[in-house]
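Chemist: Taken in sequence, the protein lines are chains A and B. Residue numbering for the first sequence follows the numbering used here, starting at 1 and increasing by one per position. Residue numbering for the second sequence follows the numbering used here, starting at 79 and increasing by one per position. Glycine is no exception: its CB is placed at the ideal position from the N, C-alpha and C atoms.
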Amino acid sequence: MSDSFFDRLEAELAGRARQGAHLDRAGRSGRRRVASLVRRSVVMVALAAVLAVSLASEFPGTATGRALPAATAMHQSL
Amino acid sequence: MLARDRARWSDAHLLAAVAAGDERAFSVFYRRHLALVVGWCTRRTRDPELAADLTAEVFAAVLMSATRYDATNDSAAGWLLGIARNVLGHSVRHGQVDARARQRLGAAPIAFEDEDLTLVLEFAASEEDAARMLAELPADERAAVHARVIEDREYRDIASSLGCSEMVVRKRVSRGLARLREGLAT
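(1) I need the straight-line Cα distance from F137(B) to L212(B), nearest angstrom please.
(2) Let me check understanding here. Comparing Cα to Cα, which of Y108(B), L112(B), Y233(B), V251(B) lies closest to A217(B)?
(3) Skipping 5 residues on each side, what residues in its chain have a beta carbon closer than 6 angstroms to that of A15(A)?
(4) Between which residues of its own chain and R226(B) is the CB-CB distance below 8 angstroms, once the five residues before and five after are set aside?
(5) In chain A, what lies closer than 9 angstroms to I236(B) by C-beta?
(6) Kindly list, in the order they appear in chain B, the residues whose Cβ is closer than 8 angstroms to that of A56(A).
(7) Strictly under 7 angstroms for the Cβ-Cβ distance: is G117(B) near chain A by that measure?
(8) Any Cβ of chain A within less than 7 angstroms of the Cβ of L197(B)?
(9) Between F201(B) and A113(B), is the Cβ-Cβ spacing less than 7 angstroms?
(10) Pick out whichever of F107(B), A221(B), E244(B) has its Cα sitting closest to the Cα of S88(B).
(11) Strictly below 7 angstroms CB to CB, what residues from chain A border L166(B)?
(12) Go ahead and label R124(B) buried or exposed: buried means 16 or more other beta carbons lie within 10 angstroms of its beta carbon, across all protein chains shown.
(13) With distance defined between alpha-carbon atoms, name the residue in A94(B), A103(B), R110(B), S105(B) nearest to A256(B).
(14) If we cut at 7 angstroms on Cβ distances, does D89(B) have a partner in chain A?
(15) Between A134(B) and chain A, is there a C-beta pair that is closer than 7 angstroms?
(16) Just to confirm before moving on: does the CB-CB distance between A186(B) and E10(A) stay below 7 angstroms?
(17) Which value, in whole angstroms, describes the spacing of the CA atoms of M1(A) and S239(B)?
(18) Could you tell me the distance, in whole angstroms, from the CA atom of R253(B) to the CA atom of S41(A)?
(19) Quick check: is the beta carbon of R32(A) nearer than 7 angstroms to any beta carbon in chain B?
(20) By the three-class DSSP mapping on this structure, what secondary structure does Q347(B) have?
(21) Within the 7 angstroms Cβ cut-off, does D194(B) reach chain A?
(22) Chain A partners of L183(B), CB-CB under 8 angstroms?
(23) Just how far apart, CA to CA, sit L128(B) and V175(B)?
(24) So, helix, strand or coil for M1(A), using DSSP?
(25) Given a threshold of 16 other Cβ atoms within 10 Å of its Cβ, counted over all protein chains shown, does M142(B) qualify as buried or as exposed?
(26) Which residues in chain A have a C-beta closer than 8 angstroms to the C-beta of E101(B)? List them in chain order.
(27) Give me the residue from W118(B), V115(B), A139(B), V116(B) with the minimum Cα distance to L183(B).
(28) Given a cut-off of 7 angstroms, decide if R102(B) and R84(B) are closer than it, judged by their beta-carbon atoms.
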């Protein structure tokens, strides 16, 4: 008599448990989370740098920290 | 450690052993709850093959997440059916049976044969027996088990509606499920 679907399922999963497949996976999962966090941090820093560069090129005054109020800037241009 | 010792272990004890890689503990847990999961999946899908496939994924997910089971928060049956609900929900959303846990484990696919159909229906019938036995539980345990396992409500919410503490509700659910298991085993 052949094993049923559920007997084979039990044997398969118990075999995986014996091999520690779920434990390996848990470790890999943790490492993957750390790697993902590092990747996200790098992307965020890169985005911030690109944003800063583009702001500096569009508004040079603000990049130096010497932004003038709009009214003063208008008087100067007159 | 003898296998028959494990049969006397609590679900929490078994899951802790499963998390540590005890395959026999997994087998005991699997056999203890198989009918519950198959019956639950069959009732919701009305498709024995699909129910068997979902059951496979549920127990693979159990293996993957045994380390996260916390007996102080939930009964094992409630936790198990929570996993079943997630697996079913993911499968419905994606239009195909969730197989992520089995893939992560590297588990081989298992073919569903015609002879397995009868077995699924037997499990489903045994769950119907469980429903009948649920009706025979003492009123306080029946209300607690029904609210927690069937309606999937939070312990706090159940405690509030039943006018008792969460601890009392947990005890009633635990006692009720133990009675159901004993009844099904005889």
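Modeler: Straight from the coordinates:
(1) If you number the second sequence from 1, residue 137(B) lands on position 59. If you number the second sequence from 1, residue 212(B) lands on position 134. Straight-line Cα distance between these residues: approximately 24 angstroms.
(2) Within the second sequence, the letter at position 139 stands for residue 217(B). Here the closest residue by C-alpha is V251(B).
(3) Indexing the first sequence from 1 puts residue 15(A) at position 15. The sequence as given places Gly at residue 15(A); Ala does not occur at that position. Closer than 6 angstroms at the Cβ level, and outside the excluded window around G15(A), lies no residue.
(4) On the second sequence, position 148 is the one that residue 226(B) refers to. Closer than 8 angstroms at the Cβ level, and outside the excluded window around R226(B), lie S153, G156, Y233, I236, V247, V251.
(5) Counting from 1 along the second sequence, the entry for residue 236(B) is found at position 158. Within chain A, no residue comes near I236(B); the closest Cβ sits about 32 angstroms away, beyond 9 angstroms.
(6) In the first sequence, the residue the question calls residue 56(A) occupies position 56. What A56(A) touches in chain B: nothing, since even the nearest Cβ is about 45 angstroms away.
(7) Looking up residue 117(B) in the second sequence gives position 39. Chain A, which has no Cβ nearer than 7 angstroms to the Cβ of G117(B), makes this no.
(8) Translated into positions along the second sequence, residue 197(B) becomes position 119. Answer yes: the Cβ-Cβ gap between L197(B) and chain A drops below 7 angstroms somewhere.
(9) Along the second sequence, one-based indexing puts residue 201(B) at 123. Along the second sequence, one-based indexing puts residue 113(B) at 35. Yes. Within cutoff.
(10) Locating residue 88(B) in the second sequence gives position 10, counting from the first residue. Looking at the Cα atoms, F107(B) is the closest of the given residues.
(11) If you number the second sequence from 1, residue 166(B) lands on position 88. The contacting residues do not exist; L166(B) stays about 17 angstroms from chain A at best.
(12) The residue given as residue 124(B) occupies position 46 in the second sequence. When all chains shown are included, R124(B) counts as exposed.
(13) Numbered from 1 along the second sequence, position 178 holds the residue referred to as residue 256(B). Measuring from the Cα of A256(B), the nearest candidate turns out to be R110(B).
(14) Position 11 of the second sequence holds residue 89(B). D89(B) does not count as touching chain A.
(15) Translated into positions along the second sequence, residue 134(B) becomes position 56. Yes, A134(B) counts as interfacial toward chain A.
(16) In the second sequence, counting from the first residue as 1, residue 186(B) sits at position 108. In the first sequence, counting from the first residue as 1, residue 10(A) sits at position 10. No, they are not a contact pair.
(17) Your numbering for residue 1(A) matches position 1 in the first sequence. Your numbering for residue 239(B) matches position 161 in the second sequence. Confidence at M1(A) is low in this model, with a pLDDT of 44, below 50, so its placement is unreliable and the value that follows should be read with caution. Approximately 51 angstroms between the Cα atoms of the pair.
(18) Position 175 of the second sequence, counted from the first residue, corresponds to residue 253(B). Position 41 of the first sequence, counted from the first residue, corresponds to residue 41(A). Roughly 49 angstroms separates the two Cα atoms.
(19) Counting from one through the first sequence, the residue named residue 32(A) turns up at place 32. It does not; no Cβ of chain B falls within 7 angstroms.
(20) Outside the shown range of chain B (79 to 264) lies residue 347(B), about which nothing can therefore be said.
(21) Walking along the second sequence from the start, residue 194(B) turns up at place 116. Taking Cβ atoms only, chain A reaches closer than 7 angstroms to D194(B), which makes this a yes.
(22) Against the second sequence, residue 183(B) aligns to sequence position 105. Simply L13, R16, A21, H22, R25.
(23) Translated into the one-based positions of the second sequence, residue 128(B) becomes position 50. Translated into the one-based positions of the second sequence, residue 175(B) becomes position 97. Inter-residue distance for L128(B) and V175(B) is about 8 angstroms (C-alpha atoms, whole angstroms).
(24) As a position in the first sequence, residue 1(A) is number 1, starting the count at 1. Low confidence applies to M1(A): its pLDDT is 44, below 50, so where it sits in the model is not reliable enough to give any reading.
(25) The count along the second sequence starts at 1 and reaches residue 142(B) at position 64. The residue in question, M142(B), is buried, as its Cβ has 16 or more Cβ neighbours within 10 Å.
(26) The residue given as residue 101(B) occupies position 23 in the second sequence. Those within 8 angstroms of E101(B) in chain A are A14, G15, A17, R18.
(27) Locating residue 183(B) in the second sequence gives position 105, where the first residue counts as 1. Comparing Cα-Cα distances from L183(B) to each of W118(B), V115(B), A139(B), V116(B), the minimum goes to A139(B).
(28) Here residue 84(B) is taken as the residue at index 6 of the second sequence, counted from 1. Here residue 102(B) is taken as the residue at index 24 of the second sequence, counted from 1. The answer is yes: Cβ separation under 7 angstroms.
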